[in-house]
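Participant: In this note's numbering, the protein residues as written are 434 to 694. A virtual CB, placed ideally from N, CA and C, is assigned to each residue, including glycine. Bear in mind the structure is a predicted one, so any value in this text is a computation, not a measurement. Structure below; questions to follow.
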Ligand SMILES: [Fe+2]
Ligand SMILES: [Fe+2]
């Protein structure tokens, strides 16, 4: 990534660090810890992560870091929502593993057109050798196929599949909050070689699109806690926007001074 983007990304992170943590991350700390523990210790997830890590290099903001956050949050949502679905703890934990596999794999084809369906096909191939039942592989693939924003989701084959798909979607869209401004946007700008002035020009429209995602959350947890995450991201984004404008003004003054000298 170009030095200027790294610098601005770090400044954006400083701005974001002054804001409070969204309630989802404060209230559900114990479930987040369990989800994180499963994600980093389950053998299927360790194996999957090792397999796909090389494919996530040069990812323009949707790489392993993004996949990890989505997996941990999605696992947390399954733990919270799954209490109503599962009476056996092992079944609930298996659903967490499935949603975390989906989280790891969901953007594996992010650089391709129709990346959700391409990712679902790739996931089926990758998981073919895993000790998973055909129903479980299908559950992961269906979740990946249904994770795209502003597109009508297909109904999943099983209740577990629906829970996994909806949780993956919501955890992925949580990233449209602060993460968008502290991580994703800088990698995407760098990848597409978008200038700072152009980013500032696009900003107001970008925010409108982000706000629309608030009405699309699919689980009860997502509906309840997702909008706050998005609103917080937009508040942070607006402050970063002002910071960028000051940065652009300072460059302009610098250039004018140089041309006078
Ligand atoms: Fe995606
Ligand atoms: Fe994603």
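Would you mind listing the alpha helix (DSSP H) stretches within the region 548-580 that are 4+ residues and don't spill past its ends, in chain order?
Facilitator: If we require 4 residues or more, the alpha helix (DSSP H) runs fully inside the region 548-580 come out as 548-560 and 567-578.
Participant: With a Cβ-Cβ cutoff of 8 Å, do residue 740 and residue 569 count as a contact?
Facilitator: Since the displayed the chain opens at 434 and closes at 694, residue 740 lies outside it and no answer follows.
Participant: If you measure from the CB of residue 549, is any heavy atom of ligand 1 nearer than 7 Å?
Facilitator: The answer is yes for residue 549.
Participant: Within the same chain, show all residues whose beta-carbon is closer than 6 Å to that of residue 548, passing over the 5 residues directly before and after it, in chain order.
Facilitator: If we look at residue 548 and ignore the five residues flanking it on each side, its Cβ neighbours are 542.
Participant: Just to confirm, does residue 540 get its C-beta within under 7 Å of one of the non-hydrogen atoms of ligand 2?
Facilitator: Yes; taking the cut-off as 7 Å, the Cβ of residue 540 has a heavy atom of ligand 2 nearer than that.
Participant: Nearer than 7 Å: is that true of the beta carbon of residue 603 relative to any heavy atom of ligand 2?
Facilitator: Residue 603: no, Cβ never under 7 Å from ligand 2.
Participant: Shorter than 7 Å, the distance from the beta carbon of residue 573 to the closest heavy atom of ligand 2, or not?
Facilitator: Result no, Cβ not under 7 Å from ligand 2.
Participant: Quick check: is any heavy atom of ligand 1 less than 7 Å from the C-beta of residue 651?
Facilitator: No, ligand 1 has no heavy atom inside 7 Å of this Cβ.
Participant: Would you call residue 544 buried or exposed, if buried means 16 or more other Cβ atoms sit within 10 Å of its Cβ?
Facilitator: Flag for residue 544 reads exposed.
Participant: Does the contact criterion of 3 or more C-beta pairs under 8 Å hold for the region 667-684 versus the region 447-465?
Facilitator: Verdict: yes, contact present.
Participant: Does the distance from the CB of residue 677 to the CB of residue 629 come in under 8 Å?
Facilitator: Closer than 8 Å, so yes.
Participant: Does any CB atom of chain C fall closer than 8 Å to the CB of residue 499?
Facilitator: The question asks about chain C, but that chain is absent: this structure has only one protein chain.
Participant: Could you say if the region 593-611 and the region 645-663 meet the contact criterion of at least three C-beta pairs nearer than 8 Å?
Facilitator: Yes, the region 593-611 is in contact with the region 645-663.
Participant: Assign residue 435 to one of three DSSP states: helix, strand, or coil.
Facilitator: In the structure shown, residue 435 sits in coil (DSSP, three-state: anything other than H, G, I, E or B).
Participant: Is the region 523-534 touching the region 616-623 in the sense that three or more CB pairs, one from each, lie closer than 8 Å?
Facilitator: Not touching, per the Cβ criterion.
Participant: Go to residue 469, then tell me how far its alpha helix (DSSP H) extends in each direction, as first and last residue.
Facilitator: Here the alpha helix (DSSP H) through residue 469 covers 462-474.
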